[in-house]
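K.L.:
Quick one: the structure is below, and I'll ask about it shortly.
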Amino acid sequence: MQAQRVVGRVVNGNISIRLTESFNQHRVEVSILTLDEDEKPSSQRRPHPDILGQVRIKGDIFTSTSEQDWGLCL
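Terminal number for the sequence shown in the numbering used here: 602, no gaps in between.
Below, the structure is given as C-alpha cells:
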C-alpha cells in the first residue's frame, strides 16, 4: 500500500490532486478532512514511546566540545 498526503484548498467545490506515476492503474481510496486554520503543527519534538525515559545523560555534554562543532552557530 502506498500513501500520499496532499494539503490543498478547495476552490468552487473542486480540488485537484496530482499523484505520482506509481499510482497509475491502481484502485485508490480518497478521504477528505477539513483542517483547523488556527491549528499549527507542533514544533516540539518527542521521543518515540519505545525509548521514552531510556536515555540517561552522564556528565556535561554541553561543554564537551566547542559551539562550532555542534553546528548551531549562524
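Note that beta-carbon positions come from the ideal geometry of N, C-alpha and C, so glycine has one too.
Less than 7 Å between the C-beta atoms of Val534 and Ile545, yes or no?
P.N.:
Taking 7 Å as the Cβ cut-off, Val534 and Ile545 qualify as a contacting pair.
K.L.:
If Gln582 and Ser550 are in contact, beta carbons under 8 Å, what's the gap, nearest whole angstrom?
P.N.:
Actually they are not in contact, since the Cβ atoms of Gln582 and Ser550 sit about 37 Å apart, beyond 8 Å.
K.L.:
Straight-line CA distance for Thr591 to Arg573?
P.N.:
Going from the Cα of Thr591 to the Cα of Arg573 covers about 23 Å.
K.L.:
Can you check which of these residues, Ile579, Val556, Pro575, Arg537, is closest to Glu565 by C-alpha distance?
P.N.:
Considering only alpha carbons, the answer is Arg537.
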